[in-house]
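Positions in the sequence shown are counted from 1; adding 12 to them yields the working numbering. Below is one structure, written out as structure tokens; comments come after it.
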Amino acid sequence: MDKIPEHRCGAHHRHAENGHGAHTPATHAGHDRGDGAKPAPAAHACCATSGSRPKPAPATPGSQWTCPMHPQILQDHPGSCPICGMALEPTNPAAEDDYGELHDMIRRFWISVPLALLTLVLAMGPMLGLPLHGGWNGWTQLALATPVVLWAGAPFFVRGWQSLVHRNLNMFTLIALGTGAAWLFSLAALLFPGTLPAAFLEHGQPPLYFEAAAVIVALVLLGQVLELRARAQTSGAIKALLRLAPKTARRLDDDGVERDVDVEQLQAGDRLRVRPGEKIPVDGRVIDGSSHVDESMLTGEPAPVRKQRDDALKAGTVNASGSLLMLAEQVGAETLLSQIVHMVADAQRSRAPIQRLADAVAAWFVPAVVIIAAIAAGVWAWFGPQPALAHALVVAVSVLIIACPCALGLATPMSIMVGVGRGAQAGVLIRDAAALEALEKIDTLVVDKTGTLTEGRPTLNRVLTMPGFDENELLGLAAAVEQASEHPLARAIVEGAQARGISPAPATGFDSDPGLGVWATVGGREVAIGNQRLLQARGVDPGELAATADQQRADGATAIYVVVDQRVAGLLVVADAIKASAADAVRALKAENIRVIMLTGDNLRSAQAVAKSLQVDEVIADVLPQDKAAVVKRLQAEGRVVAMAGDGVNDAPALAQAQVGIAMGTGTDVAMESAGITLVQGDLRGIVRAVQLSRRTMRNIRQNLFFAFAYNGLGVPLAAGVLYPVFGLLLSPIVASAAMSLSSVSVIGNALRLRRTAL
């Protein structure tokens with residue numbers, strides 16, 4: 013499986029280290045490759061601990077923790093981010109259930125709530141006429157508030173101090189400054205009341221702000237609890253994928269005995285029994301039995317798929333009614349499910365280019381807030397009503413608290429995490445956030461024909477014979493020659509004969525020419541199979557079959573001549589069926605104002621037939637593999653934003669050149685490595701889902717950023733007291749703290765809406 017690299021620059025790249033390199037298709041001499049059929053691939057720290065949580069259990073070897081807002085931060089133990097102060101999350105999806113930070117914050121919150129409420133009652137009681145006067149009141153407030161501020165709020169002070177040490181001011185800098193100033197001033201006023209200037213006194217008594225400091229800490233803790241819970245929900249897609257994999261499998265030992273073993277013990281080559289209703293434990297293929305398998309968990313398609321001998325099986329899918337005996341081929345981290353889990357985890361931690369806006373603002377935002385708080389305090393101390401210094405302190409604390417930039421920092425990564433997870437549930441795998449963002453802007457989709465618009469597996473459709481030959485005889489002779497070739501067209505002819513119950517006779521003297529065809533001797537008769545040029549080379553007249561062959565090619569099929577003893581015996585018509593979903597997908601893409609262009613190495617007549625059937629906007633045919641990337645580059649030079657969809661080795665350069673490369677999950681490894689998005693099902697409708705997901709995710713991000721900017725743009729002036737001269741209103745630090753917490757929760761709640769978006 014892919015190793016997750018240390019990201020020190022914020023850019024995420026997935027490096028293939030699983031032994032799957034660029035698979036080159038086996039080259040088989042035979043039919044002219046102008047038919048567009050593709051040969052099958054060859055078998056193929058900087059962080060300090062926060063001090064805000066209990067001592068963690070020993071980390072799993074190789075485990076790492078990272079920040080969802082700053083993925084360049086990596087360390088080998090839990091803690092907090094030295095840049096933003098947020099709790100780090102495990103990079104290993106299997107460790108997603110580590111809720112130590114959440115449980116610690118919950119415990120601190122519930123202990124702080126009754127203490128903060130009692131402090132608030134003591135502070136506000138005399139104003140409401142309650143008999144709570146006396147010198148004991150202040151000391152009781154100190155006793156109640158101190159555990160809240162110094163113990164329950166300790167994580168905020170630790171992270172605030174770390175932000176100063178690392179010179180990365182963040183939300184915890186502001187919280188620590190605000191609550192620390194309120195508590196320290198109250199302590200000084202209680203211990204040394206006679207030293208305070210008159211501007212600080214209210215009715216001759218020094219004001220105390222223990223209740224403000226305690227309630228602010230309790231509210232910030234509530235915000236942290238809600239935020240951590242919401243962040244845990246963003247990993248729901250990964251957890252759901254992990255739950256797909258069964259824990260045990262039923263293995264057939266060499267002695268024929270079936271035993272249940274842990275999936276971790278399985279090796280490639282093991283024979284496994286999958287009973288009705290059980291999950292497929294690893295990737296492999298059927299060696300006995302037949303059944304229908306529900307693959308919707310990986311592909312998003314609800315209809316069960318028929319599976320029989322030699323059909324592929326994927327880990328996590330569910331066997332329906334039949335019993336299957338399978339051969340394990342990919343186990344552990346090599347299964348498609350494991351690769352999906354790690355791809356989703358990597359993508360969720362990647363950064364969209366739009367995040368640079370939030371980063372640029374955050375770089376100066378906190379220092380600016382500190383300056384604004386100081387200026388506001390100075391204005392109130394100089395020009396404000398009595399007690400001027402007390403008002404100045406309240407204003408400064410309110411500004412520091414309400415301006416915490418947590419909503420701004422969460423706006424982008426939360427939407428990316430939820431959007432990538434939602435895509436995985438729909439069979440759309442997104443490599444990184446940059447691809448998700450770029451997909452929103454595409455106006456041109458370039459698609460390969462074979463394997464993308466068509467099934468990619470030619471089949472024998474018709475057998476046309478000349479007088480003196482019957483269909484079975486002709487097909488038997490052709491299959492006898494073609495069984496020595498592995499070309500896709502040869503395979504289609506042999507399988508077509510087998511489907512009709514024809515057993516090919518042995519052939520001798522097999523030979524071929526890549527530009528003409530193949531030939532051999534079958535039962536003493538010389539049989540040659542190929543194209544028009546083969547007939548010309550042998551001086552054979554196609555006769556009336558020439559017009560028929562032209563018509564078949566115009567209809568998008570491949571016409572192959574069969575020559576027996578130097579005369580044309582018939583015509584084999586082989587076609588690559590158009591995918592059933594292709595027409596609907598093309599219509600949906602055009603409805604999204606995306607121009608669809610077919611780019612293929614097939615001949616123009618065959619390509620135009622497919623394009624006409626699907627109503628594709630433009631056809632570019634007879635393109636050599638090495639020239640596909642140049643076509644994409646030309647479209648980009650015309651000002652188009654291009655997405656390229658393909659599945660073959662020869663599509664990889666074009667996939668890399670396009671703004672967004674989209675690989676079919678049924679294609680080759682090198683194509684998927686070159687693409688930013690992979691469709692598990694290999695269904696063109698997945699592109700429609702991907703485009704819709706991209707546009708909805710980016711809209712969600714913009715909503716979050718607008719809300720965060722608007723919140724801070726309105727909140728800071730209100731906290732600074734701009735309404736006081738007109739309405740006599742001054743924002744309480746307690747209200748500011750509640751507003752700050754709700755802003756973060758609102759951003760996360762908006763991002764979580766993407767989990768329910770219809771694709």
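C-beta: ideal position from N, C-alpha, C; glycine also. This structure is a prediction, so every number in the text was calculated from the model and none was measured.
Query	Result
So the beta strand (DSSP E) Lys326 belongs to, where does it begin and stop?	That residue, Lys326, is in no beta strand (DSSP E); it is neither H nor E in DSSP.
Comparing C-alpha positions only, which one of Ala587, Val539, Ile699 sits nearest to Ile606?	Ile699
Alpha carbons only, please: which of Ser755, Thr612, Tyr736 is nearest the one belonging to Ala720?	Ser755
Run through DSSP, which three-state label would Thr347 get?	coil
Near Val237, what residues of its chain come up, given a Cβ to Cβ distance below 6 Å and the 5 sequence neighbours on each side ignored?	Met117, Ile118, Phe121
Between Ala194 and the rest of its own chain, which residues show a CB-CB distance below 6 Å, the 5 nearest in sequence each way excluded?	Tyr221, Ala224, Ala225, Val409
Excluding sequence positions up to five away, which residues of its chain have a Cβ less than 6 Å from the Cβ of Leu189?	Leu412
Could you spell out where the beta strand (DSSP E) holding Gly542 opens and where it closes?	537 to 542
Report the partner residues of Ala532 according to the DSSP bridge assignment.	Val539
Does DSSP put Asn180 in a helix, in a strand, or in coil?	coil
Taking one C-beta from the region 470 to 477 and one from the region 571 to 591 each time, how about it: are there three or more such pairs within less than 8 Å?	yes
For Ile713, write down the residues that DSSP places opposite it in a beta bridge.	DSSP lists no partner for Ile713.
Buried or exposed for Gly651, going by 16 or more other Cβ atoms inside 10 Å?	exposed
Compute the Euclidean distance between the alpha carbons of Leu114 and Leu240, then round it to the nearest angstrom.	6 Å
Helix, strand or coil for Ile413, going by three-state DSSP, please let me know.	helix
Name the one or two DSSP bridge partners that Gly658 has.	Ala675
Starting from the C-beta of Cys21, find all residues in its chain whose C-beta is less than 8 Å away, skip the five residues before and the five after it, and write them out in chain order.	Unreliable placement is indicated for Cys21, whose pLDDT of 34 sits below 50; the coordinate value is still reported in the next sentence. Hits under 8 Å: Gln84.
Going by the beta-carbon positions, is the gap between Ala517 and Ala492 smaller than 7 Å?	yes
List the whole-angstrom C-beta distance separating Pro379 from Leu181, where the pair is believed to meet the contact cut-off of C-beta under 8 Å.	6 Å
Let me know if Arg579 comes out buried or exposed under the rule of 16 or more other beta-carbons within 10 Å of its beta-carbon.	exposed
So for Gly521, helix, strand or coil by DSSP?	strand
Is Asn331 helix, strand or coil when you go by DSSP?	strand
Indicate whether Asp482 and Asp663 have their beta-carbon atoms separated by less than 7 Å.	no
With the cut-off set at 7 Å, would you say Met183 and Pro417 are in Cβ contact?	yes
Answer yes if the region 288 to 301 comes into contact with the region 313 to 327, meaning at least three C-beta pairs across the two stretches below 8 Å, and no otherwise.	yes
Return the Cβ separation of Ala549 and Leu528 in integer angstroms, given the expectation that the two are a contact with Cβ distance under 8 Å.	6 Å
By DSSP's criteria, Met338 is part of a beta bridge. Which residues make up the other side?	Leu284, Val298
Of all the options Pro94, Arg263, Gly150, which has the alpha carbon lying nearest to the alpha carbon of Thr185?	Pro94
Along the chain, where does the beta strand (DSSP E) containing Thr462 start, and where does it finish?	No beta strand (DSSP E) holds Thr462; DSSP gives it neither H nor E.
What residue range is occupied by the uninterrupted beta strand (DSSP E) comprising Ser625?	Segment 616 to 626 is the alpha helix (DSSP H) holding Ser625; no beta strand (DSSP E) there.
Which one or two residues does DSSP pair with Met426 in a beta bridge?	Met426 pairs with nothing; no bridge assigned.
Mind checking Arg271: buried by the 16 CB within 10 Å criterion, or exposed?	exposed
Hey, how far is the Cα of Val772 from the Cα of His178?	In the structure as shown, the chain begins at 13 and stops at 771. Residue 772 is therefore absent and cannot be evaluated.
Please state the DSSP three-state secondary structure of Arg652.	coil
For the putative contact between Arg767 and Glu452, defined by C-beta atoms under 8 Å, what is the C-beta separation to the nearest angstrom?	That pair is no contact at about 19 Å.
On the DSSP letters alone, give me the boundaries of the alpha helix (DSSP H) that Lys453 sits inside.	Run containing Lys453: none; DSSP gives neither H nor E here.
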